[in-house]
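According to this note's numbering, the sequence shown is numbered sequentially starting from 251.
What follows is a single structure, written as structure tokens, with notes after it.
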Amino acid sequence: MPFSDPASAPLLSSLIPPATLAASLDTTERTLSEWRITGRGPKYIRAGRRVFYRPEAVDEWLLSQEHTSTSEELS
């Protein structure tokens with residue numbers, strides 16, 4: 251019997267898989283995996299063996315990468 255909980259359907263359909271996020275960021279799934287291990291990347295959701303990203307978490311992480319100068323970025 252397929253899973254069909256209408257309350258969670260919008261959330262499930264909005265989650266971003268690593269392959270999609272990696273392509274959007276012009277990086278690799280391996281890099282995303284390393285970021286998860288080191289805590290450098292966006293927050294993620296693990297469902298069993300699968301990993302997903304919420305669009306809001308990706309947006310929040312991207313904004314946290316904002317810098318005003320290269321010297322600020324290095325500190």
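For glycine and all other residues, C-beta sits at the position ideal for the given N, C-alpha and C.
Please read all numbers here as calculations on a predicted model, not as lab measurements.
Bounds of any beta strand (DSSP E) do not take in ARG304, whose DSSP letter is neither H nor E.
Taking a C-beta distance under 8 Å as the contact criterion, GLY289 and LEU282 do not qualify as a contact pair.
For ILE287, the enclosing alpha helix (DSSP H) has its first and last residue at 279 to 288. Taking a C-beta distance under 8 Å as the contact criterion, VAL308 and PRO268 do not qualify as a contact pair.
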